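In what follows, a structure is listed as C-alpha cells, so that the remarks can point back to it.
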Amino acid sequence: LERADGRYVGELHFQIEYEGRKGEPFPQLYVDANTLIRYAREEDWRCEIVLDPDEYGHYLARLTP
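Read in order, the letters of the sequence shown are residues 181 to 245 in my numbering.
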C-alpha cells in the first residue's frame, strides 16, 4: 500500500516527549505480517511468525536468510 507521496503506508516518523523534553524524530516502519512474509519470500528469506498478531496487529517474527 502506498500513499499519494509514494511512501508505504506504515512508514512513519515517531517522536517521544516526556516531562516537556522532546527527542529527535526517528523513522519507524510498521509492516503487517502478511506483507512481511511476502517480501521476505521475494528476497529468498525465511519469515517465521513466532507470535501471531494480537487484536492491535502486533506480532513477533523471525527472519533468516
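Yeah, the Cβ is synthetic: ideal placement off N, Cα and C, and Gly gets one too. Computed from a predicted model, the values in this text were never measured in an experiment.
Hey, could you find the ends of the alpha helix (DSSP H) residue i is sitting in?
i           : result
residue 241 : Careful: residue 241 lies outside any alpha helix (DSSP H), inside the beta strand (DSSP E) at 240–244.
Compare the beta carbon distance of residue i and residue j with 8 Å and say whether it is the shorter of the two.
i           : j           : result
residue 213 : residue 239 : yes
residue 229 : residue 241 : yes
Starting from residue i, trace the beta strand (DSSP E) both ways and give me its first and last residue.
i           : result
residue 124 : For the chain, the structure presents residues 181 to 245; residue 124 sits outside this window and is missing.
residue 222 : Counting along the chain, residue 222 falls outside any beta strand (DSSP E), though it belongs to the alpha helix (DSSP H) covering 213–222.
residue 207 : 206–209
Quick check on this structure: which residue in the options has the alpha carbon closest to the alpha carbon of residue i?
i           : options               : result
residue 237 : 215, 244, 205 and 201 : 215
residue 191 : 225, 210, 244 and 235 : 210
Going by DSSP, what residues sit across from residue i in a beta bridge?
i           : result
residue 195 : Note: residue 195 sits in no beta bridge, so no partner.
residue 183 : DSSP lists no partner for residue 183.
residue 236 : Answer is none; residue 236 lacks a bridge partner.
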